[in-house]
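Chains A and B, in that order, give the protein sequences.
-10 is the number of the first residue of the first sequence in our numbering; add one for each residue after it.
-10 is the number of the first residue of the second sequence in our numbering; add one for each residue after it.
Note that CB positions come from ideal geometry on N, CA and C, so glycine has one too.
For clarity, every value in this text was computed on a predicted model and none was experimentally measured.
Protein chains: 2
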Amino acid sequence: MLAAARAAFAERGFDGASIRAIATAAGVDPALVHHYFGSKDQLFLAAIEAPANPADFLPEVLAGGRDELGGNVVRMLLRVWDGPMQPAALALVRSAVGNEWTGKLLREFLVSQVLRRVVATLDATPAEREARGALVASQLIGLVVARYVLRVEPLASAAPEELVAAIGPTVQRYLTGEVELPRA
Amino acid sequence: MLAAARAAFAERGFDGASIRAIATAAGVDPALVHHYFGSKDQLFLAAIEAPANPADFLPEVLAGGRDELGGNVVRMLLRVWDGPMQPAALALVRSAVGNEWTGKLLREFLVSQVLRRVVATLDATPAEREARGALVASQLIGLVVARYVLRVEPLASAAPEELVAAIGPTVQRYLTGEVELPRA
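So, in structure tokens, the structure goes:
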């Protein structure tokens, strides 16, 4: 089931893959997939062996309201990455950059499980939300790669709150500021 | 000579590696290294098989002056990456994220060949310049990974000037704006 799910999510994306098609590919009844995994979100997280479910962190990120969203997103990202999940998260990023298939799965994870939830709270059209989410992704991915993978100083050794102060305003601008939004 | 150079730059960093030590490790005279490669910059670029010398692009990036530096850095990054060097640049990034040794070399490349040259024009202390350069790196690395590696939309399909408009102001703020700078 998980192998069929990985293939379906990588080939058709999170939105395009259906539990029914995954069950058919795995030769089982869709009810069995629902029984084991619950929702498509949970099946997806199991399929990519996600070290955590971003939905669990969402209430805290949103708690400060719209004007603190940028800082709170950066703060939560650093808390997860500076914690015990770092080795698993690093392995996921290394694999996603080196392998096209895993890369597609990480993109689907970022878009469907992280960014969409953060931007869902914004008063904006779907296209605007997608563009703002992607801009946020560009800053957060770069922070992760610079701090944890390449270890560029002073980012690698800086205290989390220093990075929240420096980078939070960028994420806030991408989420709620005046930005000329790119279109696909 | 190139193998000795790669080992030295990865182990001791760009600043810590000397042409003399590299020549000794390779069993040749330092004059021979100078003869073949000229400067330490050029030896380094040859050692990492850099698809281009960032110094060649610098005059154009700086031509617009201090207030257009952010947009011009993003514009040049996209011109290089959207051009014929993209496959070589992608290979370098994939390898750097997957391999600690190559990662160190890419970090040294970014810091010594790209960022240092851009921030050298700023009126700031060395520590400030290093911090501003690292913040710029966090945004540019993320843009590259989101657009070219993970292909997050709409960043992957957007016209370069749309990305200059959206992301240039972030880079400008990191270079010359009011930022609480992180310290190592």
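Might you give, ordered along the chain, the residues of its own chain that have their beta carbon closer than 6 Å to the beta carbon of residue i, omitting 5 neighbours on each side?
i: B/ARG140; result: none
i: B/SER84; result: THR91
i: A/PRO40; result: MET74, ALA77 and ALA78
i: B/LEU95; result: ALA85
i: A/ARG1; result: none
i: B/LEU99; result: ALA126
i: A/ILE11; result: ALA(-7), ALA(-6) and ALA(-3)
i: B/MET65; result: PHE46 and VAL50
So residue i packs on residue j, CB below 8 Å; how close in whole Å?
i: A/LEU164; j: A/LEU58; result: 5 Å
i: B/ARG105; j: B/GLY122; result: 7 Å
i: B/ALA135; j: B/LEU144; result: 5 Å
i: B/ILE8; j: B/VAL17; result: At roughly 11 Å, the Cβ-Cβ gap does not stay under 8 Å, so B/ILE8 and B/VAL17 are not in contact.
i: B/LEU132; j: B/VAL168; result: Actually they do not touch by this definition, with Cβ atoms about 18 Å apart.
i: B/GLU119; j: A/GLU142; result: 7 Å
i: B/ALA20; j: B/ALA(-3); result: Contact doesn't hold; Cβ gap of about 18 Å is too wide.
i: B/TYR25; j: B/TRP70; result: Not confirmed; about 29 Å, so no contact.
i: A/LEU152; j: A/LEU67; result: 6 Å
i: B/LEU81; j: A/ALA155; result: No, B/LEU81 and A/ALA155 are not in contact; Cβ-Cβ is about 27 Å, not under 8 Å.
i: A/GLY27; j: B/GLY87; result: So it is not a contact: roughly 33 Å between Cβ atoms.
Give the interface partners of residue i over in chain A, defined as CB-CB distance under 7 Å, in chain order.
i: B/ILE130; result: GLY131, VAL134 and ALA135
i: B/LEU95; result: LEU139
i: B/PRO171; result: PRO143, LEU144, ALA147, GLU151, LEU152 and ALA155
i: B/VAL108; result: Neighbours of B/VAL108 on chain A: none; closest Cβ ~13 Å, over 7 Å.
i: B/THR114; result: Per Cβ cutoff of 7 Å: no residues; B/THR114 is ~13 Å from chain A at best.
i: B/ALA10; result: The contacting residues do not exist; B/ALA10 stays about 23 Å from chain A at best.
i: B/GLY92; result: VAL138 and LEU139
i: B/ALA120; result: PRO143
i: B/VAL63; result: The premise fails here: B/VAL63 is roughly 11 Å from chain A at the closest Cβ pair, so nothing lies under 7 Å.
Could you name the residues of chain A that residue i contacts, counting a contact when the two beta carbons are closer than 8 Å?
i: B/ILE156; result: LEU124 and SER127
i: B/ARG83; result: VAL86 and GLY87
i: B/THR13; result: Going along chain A, no residue has its Cβ under 8 Å from B/THR13, so there is no contact; the nearest lies around 28 Å.
I'd like the span of the alpha helix (DSSP H) that includes residue i, first residue to last.
i: B/GLY92; result: 89 to 98
i: B/THR159; result: 149 to 165
i: A/TYR25; result: 19 to 26
i: A/ASN61; result: 58 to 71
i: B/THR13; result: 8 to 15
i: B/GLU0; result: -9 to 5
i: A/VAL107; result: 105 to 108
i: B/GLU142; result: Where B/GLU142 is concerned, there is no enclosing alpha helix (DSSP H), given that its DSSP letter is neither H nor E.
i: A/PHE33; result: 29 to 36
i: A/GLY131; result: 115 to 133
i: A/GLU49; result: 47 to 52
Starting from the C-beta of residue i, find all residues in its chain whose C-beta is less than 7 Å away, skip the five residues before and the five after it, and write them out in chain order.
i: A/LEU(-9); result: ALA35 and ALA36
Under the rule that 16 or more other beta-carbon atoms within 10 Å means buried, what is residue i, buried or exposed?
i: A/LEU97; result: According to the sequence provided, residue 97 of chain A is Glu. The question's Leu does not apply to it. Burial call: buried.
i: A/ARG172; result: exposed
i: A/ASN42; result: exposed
i: A/ARG162; result: buried
i: A/PRO115; result: exposed
i: A/GLY72; result: exposed
i: B/GLY157; result: buried
i: B/ALA109; result: exposed
i: B/ARG(-5); result: buried
i: B/ALA148; result: exposed
i: A/ALA(-1); result: buried
i: A/ALA52; result: exposed
Ignore the nearest five residues each way along the sequence and tell me which others in residue i's own chain have a CB closer than 8 Å to its CB.
i: B/VAL160; result: LEU58, GLY59, GLY60, VAL62, VAL63, VAL125, GLN128 and LEU129
i: B/ALA44; result: ASP30, GLN102 and ARG106
i: A/ASP4; result: SER101
Against residue i, what residues of chain A qualify as contacts under a CB-to-CB distance less than 9 Å, listed in chain order?
i: B/VAL100; result: VAL141 and GLU142
i: B/THR165; result: The premise fails here: B/THR165 is roughly 14 Å from chain A at the closest Cβ pair, so nothing lies under 9 Å.
Residue i touches chain B at which residues, Cβ-Cβ below 8 Å?
i: A/VAL103; result: Going along chain B, no residue has its Cβ under 8 Å from A/VAL103, so there is no contact; the nearest lies around 11 Å.
Please list, in chain order, the chain B residues whose beta carbon lies closer than 7 Å to that of residue i.
i: A/VAL168; result: ALA155
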